[in-house]
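In our numbering, the protein residues as written are 10 to 516.
We put the beta carbon where it would ideally sit given N, CA and C, even for glycine.
First the structure, in the form of structure tokens, and then the observations on it.
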Amino acid sequence: MSDQNSACRVRFAPSPTGPLHIGGVRTALYNYLFARQNKGTFILRIEDTDQTRLVPGAEQYIVDSLMWFGLIPDEGPGFGGNYGPYRQSERKALYKEYVYKLIDEGKAYYAFDTPEELDKYREQDQTFKYDGKIRLQLRNSLSMSAEETQAILESGTEFAIRLKIEPSQIISFEDSIRGQVSFNTDELDDKVILKGDGMPTYHLANIIDDHLMEITHVIRGEEWLSSTAHHVILYNYFGWTPPKFAHLPLILKPSGKGKLSKRDGAKFGFPVFPLSWESGEPEDRFIGFREDGYVHEAVINFLALLGWSPHSEQEMFSLNELIAAFHIDNIVKSGARFDIDKALWFNQHYIIQSANAELAKKLQPISEKYGYTKDLNFLAGVAGLMKERVHKIDEMITNARYFFEAPDNYDNAVIKKKFRPELADPLRLISDIIIKSADVGTLESNVKTFISETNLKLGDIMPLIRLAVSGTMQGPDLFQTIALVGLDESAHRIENSIEAFEKICSA
RNA sequence: GGCCCGUUCGUCCAGCGGUUAGGACGCCAGAUUUUCAUUCUGGAAACAGGGGUUCGAUUCCCCUACGGGCUGCCA
10 MSDQNSACRV RFAPSPTGPL HIGGVRTALY NYLFARQNKG TFILRIEDTD
60 QTRLVPGAEQ YIVDSLMWFG LIPDEGPGFG GNYGPYRQSE RKALYKEYVY
110 KLIDEGKAYY AFDTPEELDK YREQDQTFKY DGKIRLQLRN SLSMSAEETQ
160 AILESGTEFA IRLKIEPSQI ISFEDSIRGQ VSFNTDELDD KVILKGDGMP
210 TYHLANIIDD HLMEITHVIR GEEWLSSTAH HVILYNYFGW TPPKFAHLPL
260 ILKPSGKGKL SKRDGAKFGF PVFPLSWESG EPEDRFIGFR EDGYVHEAVI
310 NFLALLGWSP HSEQEMFSLN ELIAAFHIDN IVKSGARFDI DKALWFNQHY
360 IIQSANAELA KKLQPISEKY GYTKDLNFLA GVAGLMKERV HKIDEMITNA
410 RYFFEAPDNY DNAVIKKKFR PELADPLRLI SDIIIKSADV GTLESNVKTF
460 ISETNLKLGD IMPLIRLAVS GTMQGPDLFQ TIALVGLDES AHRIENSIEA
510 FEKICSA
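Below, the structure is given as structure tokens:
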């Protein structure tokens, strides 16, 4: 139990630049599980240092998403806590104080090169890197005299502050998932740590906040592994002890290459965001798992197993079971392809497990979308009959429209195979029996008795009744279906179908 | 290009020197069922390649190949 730590504090630190990606949800989940298991603290920190990429509503979306999954932060904006503020934009002054300490100690320096100049260098040389080999040829406080630097600073020119990386040193750290990872500082560039607008970059803000918020374990995506060397250097420069790092494998596209991205949802036909998102821009609309008919338990279970293994044969985990079973050592090293079929399978399982009344509540807005006005009681009935034959909530309606309106067409192939003119009369009689039946039980026995007395086989007439009532051969128990549709309504549907059947057969 | 990380069935995971290489999703077949679905049973399906180390490598080391990430005054 190497990572057990009763005082552990972990954070989920998303950037509010758009809806929270499903990979981000998994990162949040692992952090949450780790915190809960160790009786630690799960912190939400909003990393909004890039003012240009800030998207209104994104922060709220992040919070809403976490709430939907039940991953409730112990500290964070709107959640309280003694280490705030939890929005980096509100901590701006704090970072400056630290950055100037670095300047004073010669561990960072002013850089006056404009972004445009740097772009030009990169255009000319693909391998351009702002580092110790080249910095004396560029415009910064290391290449200029103190007077010159002072003059530029006093002129009010915008400047950045860069981290000064010392040459030829080996920076290594222990990653809980990957083991020892090392970098040679010769490969590292002098990262900008304070931008022209006075905001820190991720690297600076991140380590200052993690230190000040007493974060003990940094559990984040693998895309941060490369820059961890810079972070370790920063910790060293400040004389702080770095937290433990764990870099999670990425979630990859189901096919093809690269990590799963926001556009992949539309491309592959499944959601990549927890909740639906709409910014106003027509191109910036995405359906969420919730709106697409997934239940949060399923998404969590699926995500938990994408990159982590319980080392047992157990597949189904509630959030509490995950808390008990989770362990960082069992996180997988390699990237995991996103497989929507598996998510669908989990979803089906959790839908079947759900109480009908619960499902009815989720069904109501969907049914209204289709113009149906049925009460929760009725919808619970639909849920009861449909839940074990759907993968998504909405399919309880889209695959069973016959509970809400009479079918407007029939499965012709079956009719042609099963219908004969002699069956018209029995169908009419059955229609009568249905109307006169008191409840499902008597309905079923009445109809079955009639069928055997008429010397018909169940297989001769049942498919036709089913078709008459629902239009399709796929569906729940016929008698229960009839009962829910309504005895009178079902009887009418059967009467009305006879003519249609005759027409189909003569065509 | 450079650096870092990775590589077991189509996919997600087990395996941590000696196994008939295991489970799950998906797929196929069968049973049950008035249909569909659920459920149950069975089946096909993998250690990237090459060198070492070892009595013995899927397991340890190296190389190659492939995949991924980073390489921004984005996070």
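Using 10 angstroms around the beta-carbon of Arg35, count the other beta-carbons present and answer buried if the total reaches 16, otherwise exposed. buried
Give me whichever residues DSSP pairs with Asp184 in a beta bridge. Gly188, Phe254
Quick check on DSSP: helix, strand or coil for Thr463? coil
Am I right that Ala255 and Ile180 are in contact with their C-beta atoms under 8 Å? What's the rounded C-beta distance? Between Ile180 and Ala255 the Cβ distance is about 18 Å, and since that is not below 8 Å, they are no contact.
By alpha-carbon positions, which one of Leu145, Gly49, Asp486 ends up nearest to Lys396? Asp486
At which residues does the beta strand (DSSP E) containing Thr50 begin and terminate? 50 to 53
Alpha carbon of Ala516 to alpha carbon of Arg429, nearest angstrom: 13 Å
Can you tell me where the beta strand (DSSP E) holding Ala169 begins and where it ends? 169 to 172
Excluding the five sequence neighbours on either side, which residues of its own chain have a C-beta within less than 8 Å of the C-beta of Gly32, listed in chain order? Gly230, Leu259, Ile260, Lys268, Leu269
Determine, using beta carbons only, whether Asn455 and Ser446 come nearer to each other than 8 Å. yes
Within 8 Å, strictly: CB atoms of Leu493 and Phe412: yes
What is the DSSP secondary structure of Pro124, counted as helix, strand or coil? helix
Please say whether Met222 and Arg346 have beta carbons closer to each other than 8 Å? no
Determine whether the beta carbon atoms of Ala238 and Ile170 lie at a separation below 8 Å. no
Going by Cα to Cα distance, which pick from Leu284, Thr382, Lys271 is closest to Ile406? Thr382
How long is the line joining the alpha carbons of Pro263 and Asn464, rounded to whole angstroms? 55 Å
Should Met208 go down as buried or exposed, given a rule of 16 or more other Cβ atoms within 10 Å for buried? buried
Bridge partners for Glu287 per DSSP, in chain order? Arg294
Cα-Cα, which of Asp218, Ile242, Glu156 is closest to Asp198? Ile242
CB-CB under 8 Å to Gln13, same chain, minus the five flanking residues each way: which ones, in chain order? Residue placement at Gln13 is flagged as unreliable, the pLDDT there being 46, under the threshold of 50; a coordinate-derived value is accordingly withheld.
What first and last residue would you give for the beta strand (DSSP E) that runs through His226? 226 to 230
For the candidate residues Phe311, Cys17, Leu127, Lys266, whose alpha-carbon lies nearest to that of Phe326? Phe311
Apart from the five residues on each side of it in sequence, which residues of its chain come closer than 8 Å, Cβ to Cβ, to Gly49? Asn14, Ser15, Ala16, Cys17, Arg18, Val19, Phe43, Thr225
Given this structure, state the Cα-to-Cα distance separating Arg62 from Glu56, to the nearest angstrom. 11 Å
Whether or not the segment 203 to 219 and the segment 139 to 158 are in contact is what I'm after, with contact meaning three or more pairs of Cβ atoms, one per stretch, closer than 8 Å; do they touch? no
Could you please give the first and the last residue of the uninterrupted beta strand (DSSP E) stretch that includes Leu243? Run containing Leu243: none in the beta strand (DSSP E); it sits in the alpha helix (DSSP H), 237 to 247.
Take Ala22 as the anchor and find which of Ile337, Tyr107, Ile228, Phe88 has the nearest alpha-carbon. Ile228
For Leu53 versus Phe88, is the C-beta distance shorter than 8 Å? yes
Is Gln13 helix, strand or coil when you go by DSSP? For Gln13, the predicted structure reports a pLDDT of 46, less than 50, and the residue's modelled location is therefore unreliable. A value from the coordinates is still provided. Gln13 falls in the coil class under three-state DSSP.
Buried or exposed: Ile217, going by 16 or more other Cβ atoms within 10 Å of its Cβ? buried
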